[in-house]
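Student:
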Amino acid sequence: KQEVTQIPAALSVPEGENLVLNCSFTDSAIYNLQWFRQDPGKGLTSLLLIQSSQREQTSGRLNASLDKSSGRSTLYIAASQPGDSATYLCAVPGSNDYKLSFGAGTTVTVRA
Amino acid sequence: GAVVSQHPSWVICKSGTSVKIECRSLDFQATTMFWYRQFPKQSLMLMATSNEGSKATYEQGVEKDKFLINHASLTLSTLTVTSAHPEDSSFYICSARDLDTYSNQPQHFGDGTRLSIL
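Those protein sequence lines, which keep their order, are chains A and B.
Quick note on numbering: our numbering labels position 20 of the first sequence as 20, and the sequence is numbered without any gaps.
Quick note on numbering: our numbering labels position 13 of the second sequence as 1013, and the sequence is numbered without any gaps.
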């Protein structure tokens, strides 16, 4: 069974600082890995999806890397802003189905 | 594109009431939809996989008679919480896979339904 772990559980930084969020998974036979953002009381917004053949994916200030062999992904957010405050979740689908296994998330607070 | 609409967004009702939540794929067809449950400050836990035209597949520990799932068309799945009790209060989120995409494409999520049972 896939286990997904996210460290740290919470992070508080001053505005402008770069953010580094970590995600690890136990079964490296994955199709892809997805990063989501969740605001309090809201659904999920997909941020980035990295295919198993890719090593990184970028979108604006966001950059996600993937090291399948070691079972790790890192989400970098450059020049953080108060609007980046949210919970960030990573998820991977099963090797035989499309069921997503989620990490517990990292709650980010960017102080103005 | 790839929008999933979930309705209602918030429900408050009395204990013993049955509540239906709808999940619609607005601009794509979805043979498979997923239902998740999220408790405060916790991550999403998969409850069941909803398959169009067939019975849903429930995860271990999820009562299928309590959480009825119907996926009658390629764009609509419903979750009915039967005889809801306060312990059923939670945030329920659905997701859908686009029929026309490969297995390595993302799932699309609804905005969630907050269910509060008094």
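We put the beta carbon where it would ideally sit given N, CA and C, even for glycine.
#1: Residues in the stretch 46-72 of chain A with C-beta within 8 Å of chain B's C-beta atoms, listed in sequence order?
#2: Report the start-end ranges of each beta strand (DSSP E) in the stretch 31-70 of chain A that is 3 residues or longer and not cut off at the edges.
#3: Note the first and the last residue of the continuous beta strand (DSSP E) segment covering Thr107/A.
#4: Quick one: is Leu1044/B near chain A, going by C-beta distance under 8 Å?
#5: Within 10 angstroms of its Cβ, does Ala10/A collect 16 or more other Cβ (buried), or is it exposed?
#6: So Leu66/A and Ser73/A are in contact, right, with Cβ under 8 Å, and what is the actual spacing, rounded?
#7: Would you verify that the beta carbon of Phe1028/B is, or is not, closer than 8 Å to some beta carbon of chain A?
#8: According to the neighbour-count rule (16 or more other Cβ atoms, all chains shown, within 10 Å of its Cβ), is Trp1010/B buried or exposed?
#9: Nearest to Glu17/A by CA position, among Ser85/A, Ala91/A and Gln81/A, is which residue?
#10: Using C-beta distances below 6 Å, list every residue in its chain close to Asp1088/B, excluding the 5 sequence neighbours before and after it, in chain order.
#11: Please classify Pro1106/B: is it buried, with 16 or more other beta-carbons within 10 angstroms of its beta-carbon, or exposed?
#12: Go through its chain and collect everything with a Cβ distance to Leu49/A's Cβ below 6 Å, but skip five positions before and after it.
#13: What in chain A is Cβ-close to Ile1093/B, meaning under 8 Å?
#14: Do the CB positions of Thr106/A and Leu44/A come within less than 8 Å of each other?
#15: Applying the 10 Å Cβ sphere with the 16-neighbour rule, what's the burial state of Asp1027/B?
#16: Could you pull the start and end residues of the beta strand (DSSP E) that Lys1064/B belongs to?
#17: Taking the C-alpha atoms as reference points, what is the distance between Thr1049/B and Pro1040/B?
#18: Only counting the same chain, and skipping five residues up and downstream in sequence, which positions put a Cβ closer than 6 Å to that of Ile1012/B?
#19: Judging by CA-CA distance, which residue of Lys1020/B, Arg1037/B and Gln1029/B is the nearest neighbour of Thr1075/B?
#20: Just to make sure I have the definition right: I need the residues of chain B whose C-beta is within less than 8 Å of the C-beta of Lys99/A. Which are they?
Tutor: This is what the structure gives:
#1: Answer set for the stretch 46-72 of chain A: Ser46, Leu49, Gln51 and Ser52.
#2: Fully contained in the stretch 31-70 of chain A are the following beta strand (DSSP E) runs of length 3 or more, in chain order: 32-38, 44-51, 56-59 and 62-67.
#3: That run of the beta strand (DSSP E) goes Thr106 to Arg111.
#4: Judged by the 8 Å Cβ criterion, Leu1044/B is in contact with chain A.
#5: Sixteen is the threshold: since fewer than 16 other Cβ atoms of the shown chains lie within 10 Å of the Cβ of Ala10/A, the residue is exposed.
#6: Their Cβ separation, rounded to whole angstroms, is 5 Å, which keeps Leu66/A and Ser73/A in contact under 8 Å.
#7: For Phe1028/B, the answer is no, since every Cβ of chain A falls outside 8 Å of its Cβ.
#8: By the C-beta density criterion, Trp1010/B is exposed, having fewer than 16 other C-beta atoms within 10 angstroms.
#9: Checking every option, the nearest Cα to that of Glu17/A belongs to Gln81/A.
#10: Hits under 6 Å: Val1081 and Ile1117.
#11: By the 10 Å Cβ count, Pro1106/B comes out buried.
#12: Sequence-distant Cβ neighbours of Leu49/A in its own chain, meaning closer than 6 Å and more than five residues away, are Asn32 and Gln34.
#13: Correct list: Gly43 and Leu44.
#14: Contact: no.
#15: Here Asp1027/B is exposed, its C-beta having fewer than 16 other C-beta atoms within 10 Å.
#16: It is not in any beta strand (DSSP E) - Lys1064/B carries neither H nor E in the DSSP assignment.
#17: Spanning the two alpha carbons is a distance of roughly 22 Å.
#18: Answer for Ile1012/B: Ser1116, listed in chain order.
#19: Comparing Cα-Cα distances from Thr1075/B to each of Lys1020/B, Arg1037/B and Gln1029/B, the minimum goes to Gln1029/B.
#20: Ordered by position in chain B, the residues that pass the 8 Å Cβ test against Lys99/A are Phe1034, Leu1046 and Thr1049.
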